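K.L.:
Under the numbering used here, the sequence shown is numbered contiguously, ending at residue 596. Note that CB positions come from ideal geometry on N, CA and C, so glycine has one too. It should be emphasised that the depicted structure is a prediction, and the values quoted were computed from it without experimental measurement. Next up is a structure, given as structure tokens.
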Amino acid sequence: MQDIAEQLRAWHASGRSFAVATVVGVSGSAPRDPGAALAVDADGEAVGSISGGCVEGAVYELCQAAIASGRPVLERFGYSDEDAFAVGLTCGGVLDVFVQPVVPGADAGLDAGIAHIAAGTPVALVRVIAGPGRMVGATLAVTADGVAGVLSPTPSTVGGLERAIVAQARAMLEAGRTGRLVLGLDGRLCDEHRQGTVTCFVESYVPAPRMLVFGAIDFAAAVVRIGKFLGYHVTVCDARPVFATARRFPEADEVAVDWPHRYLDSQLGRIDGRTVLCVLTHDAKFDIPLLERALRLPVGYVGAMGSRRTHRDRAARLREAGLTEAELARLRSPIGLDLGSRTPEETAVSVAAEIIAHRRGGSCLPLSASDGPIHHDVSRTATEGDTAGGPTPRTHAA
């Protein structure tokens, strides 16, 4: 929903009713990740996308129906050879879509969630998508130090469950994770096929992940551009003030003049498991102190530029500095995939491809070289499968 947050805030501020359709589960070769959203207002205006076009028309109608009825609905869109002209996904995947009507001022959780998302405040938006009827559609907006909304009109009966959901949502927010959460009415985590459960969809809205590019060289400018294209907040750092300038890197969010290892030490509170580090200096006096720290931090990716000879020398120096083989195994060096790249732009594509493959669990093989799934995102496992704690979503097949 983050992509359409500004439009939702505008509708909400004007008092206009609308419905939001959100992808809450995927399996197979589905086109969008959990959290993708399409919204329709009371006048029929639509923003966003959940499938790249396959089922948009049907979801649009579901949104209009939800606005009219005031009731949320969970739908499943899949593929079936028996009914080739029905509404569904031509790619062969499955999408679970939760459609929720929104009336400004009627739901404190939704009101607060939309405000936090639009303002850029980190928030976990928790919505009950299956469970006891009185709870379906309930929303909590969970921040690091507060909660808005209630799970039930009689909150005293679900106090323990709500506290458990808030605790789990805060943990997911801290990790920047979006996915389904299944709990028993006693607040304990459950298998998603167990009866008598409550299923929530938790969307974590956090600042953009960070890309730290060390080394203010021509290759860095291209990496900055592709990093911005991928949605990263990009910082360039170099100890040489003549090279580390905003004029040379106009697309960077930040340009820091500092020794790389010292800058990294100053950023420990702003990095997490989504952070990627691209070390392009290939100069031992910069690389070794930096990598000695970076490879011991819980960041998502560390890559370093240089020849194979440079890599062997770098690895030997890092061993001398006390790094273990397990820590060294985290280093992607030479950085990037073997695309035959030569120019800075081609090299940036190579680096970006490796970052994506590492994050998504890609094989790095041509898609034409296998008949396996096109989308095999390792983060999807938490959101795959049937929705627990209630009836299976109504299914649309094509």
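1. Tell me whether the segment 480-494 and the segment 536-544 touch, counting them as touching only if at least three CB pairs, one residue from each stretch, are closer than 8 angstroms.
2. Rounded to whole angstroms, what is the Cα-Cα separation between residue 200 and residue 321?
3. By the three-class DSSP mapping on this structure, what secondary structure does residue 225 have?
4. Within the segment 332-403, note down every full alpha helix (DSSP H) run reaching 4 residues or more, in order along the chain.
5. Can you tell me the Cα-Cα spacing of residue 448 and residue 512, whole angstroms?
6. Only counting the same chain, and skipping five residues up and downstream in sequence, which positions put a Cβ closer than 8 angstroms to that of residue 597?
7. How close, in whole Å, do the beta carbons of residue 501 and residue 533 come, if the pair is a contact with beta carbons under 8 angstroms?
8. Let me know if residue 343 comes out buried or exposed under the rule of 16 or more other beta-carbons within 10 Å of its beta-carbon.
9. Anyone know if the C-beta pair for residue 271 and residue 424 falls short of 8 angstroms?
10. With DSSP collapsed to three states, give me the class of residue 427.
11. With a CB to CB cut of under 6 angstroms and the five nearest residues on each side skipped, what residues in its chain are close to residue 379?
12. Could you tell me how far apart the beta carbons of residue 264 and residue 299 are, in whole angstroms, since I believe they sit closer than 8 angstroms?
13. Just checking my contact of residue 440 with residue 422 at CB under 8 angstroms: how many whole Å lie between their CB atoms?
14. Using the beta-carbon count (16 or more within 10 Å), is residue 210 buried or exposed?
15. Going by other Cβ atoms of all chains shown within 10 Å of its Cβ, with 16 needed for buried, is residue 260 buried or exposed?
16. Considering residue 555, what are the terminal residues of the alpha helix (DSSP H) in which it resides?
17. Taking the straight line between their C-alpha atoms, what separation do you get for residue 555 and residue 435?
18. Could you tell me the distance, in whole angstroms, from the CA atom of residue 522 to the CA atom of residue 309?
19. Measure the alpha-carbon distance for residue 566 versus residue 560 and round it to whole angstroms.
20. Per DSSP, residue 433 is paired with what?
21. Is the beta carbon of residue 338 less than 8 angstroms from the beta carbon of residue 396?
22. Determine the direct distance from the alpha carbon of residue 296 to that of residue 233, and round the result to whole angstroms.
23. Hey, could you find the ends of the alpha helix (DSSP H) residue 262 is sitting in?
24. Suppose contacts are defined by Cβ-Cβ distances below 8 angstroms. Is residue 329 in contact with residue 225 by that definition?
25. If we ignore side chains and look at the alpha-carbon of each, how far apart do residue 389 and residue 372 end up?
26. Buried or exposed, going by whether 16 or more other CB atoms sit within 10 Å of the CB of residue 609?
27. Keeping to the same chain, check which residues put their C-beta closer than 6 angstroms to that of residue 341; ignore five residues upstream and five downstream.
28. I'd like to check one pair, residue 413 with residue 466: are the Cβ atoms closer than 8 angstroms?
29. Hey, would you say the C-beta of residue 497 is under 7 angstroms away from at least one heavy atom of the ligand SAH?
30. Take residue 416 and list the residues in its own chain whose beta-carbon comes closer than 7 angstroms to its own, dropping the five residues that flank it on each side.
31. Return the residue from the list 242, 394, 420, 324 that minimises the CA-CA distance to residue 375.
32. If I'm right that residue 345 touches residue 336 with Cβ under 8 angstroms, what's the distance once you round it to whole angstroms?
33. If you run the structure through DSSP and keep just helix, strand and coil, what is residue 421?
34. Under three-state DSSP, which class holds residue 508?
P.N.:
For this structure:
1. no
2. 11 angstroms
3. strand
4. 357-373
5. 31 angstroms
6. Residue 597 cannot be examined here, being either before or after the span of the chain that is shown, 199 to 596.
7. 4 angstroms
8. exposed
9. no
10. helix
11. 366, 398, 400
12. 4 angstroms
13. So it is not a contact: roughly 18 angstroms between Cβ atoms.
14. buried
15. buried
16. 542-558
17. 25 angstroms
18. 49 angstroms
19. 14 angstroms
20. 410, 452
21. no
22. 10 angstroms
23. 254-267
24. no
25. 23 angstroms
26. Residue 609 lies beyond the range of the chain shown here (199 to 596); nothing can be said about it.
27. 321
28. no
29. Because no ligand of any kind appears in the structure shown, any question about the ligand SAH cannot be addressed here.
30. 542
31. 324
32. Not really, about 12 angstroms apart at Cβ, beyond 8 angstroms.
33. helix
34. helix
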